[in-house]
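Structure, as structure tokens:
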Amino acid sequence: MAPRVGSSAEDDGYLVTLTTDMNDDASYCLVFDAARPGDGPICKLALPERISSGTHSAWVPGAELRRWDHAESPAAAVGL
């Protein structure tokens, strides 16, 4: 879930997922309206390379990424 900037509603944002089509040997990033996922993706981005099925991710606001630039380690960047 990637919340819409400035929103307070629980479902006001986007569901973002990665998918791979093995028949086409291609991967995509799909974006859904979190309030209406049944309507299908509002955006389908072709990725430049096929990704593995075990790939995981997390949504982080851009302002929070700045601390990664100066962290001594990945663990320190996430507060461990």
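Counted the way numbering that gives the first Met the number 0 counts, the sequence shown spans residues 0 to 79.
We put the CB at the ideal spot given by N, CA and C, even for glycine.
This one's a predicted model, so the numbers in the text were calculated from it and none came from an experiment.
1) At the level of alpha carbons, what is the spacing between N22 and I41?
2) Beta-carbon within less than 7 Å of I45's beta-carbon, same chain only, minus the 5 sequence neighbours each way: which residues are those?
3) What's the gap between the Cα of Y13 and the Cα of E71?
4) Under a Cβ-count criterion, where at least 16 other Cβ atoms within 10 Å of its own Cβ denotes burial, should A8 be classed as buried or exposed?
5) Check for me: the beta strand (DSSP E) holding V15 runs from which residue to which?
Let me lay it out:
1) 23 Å
2) The displayed chain sequence assigns Ala, not Ile, to residue 45. A25 and Y27.
3) 31 Å
4) exposed
5) DSSP places V15 in the uninterrupted beta strand (DSSP E) bounded by G12 to D20.
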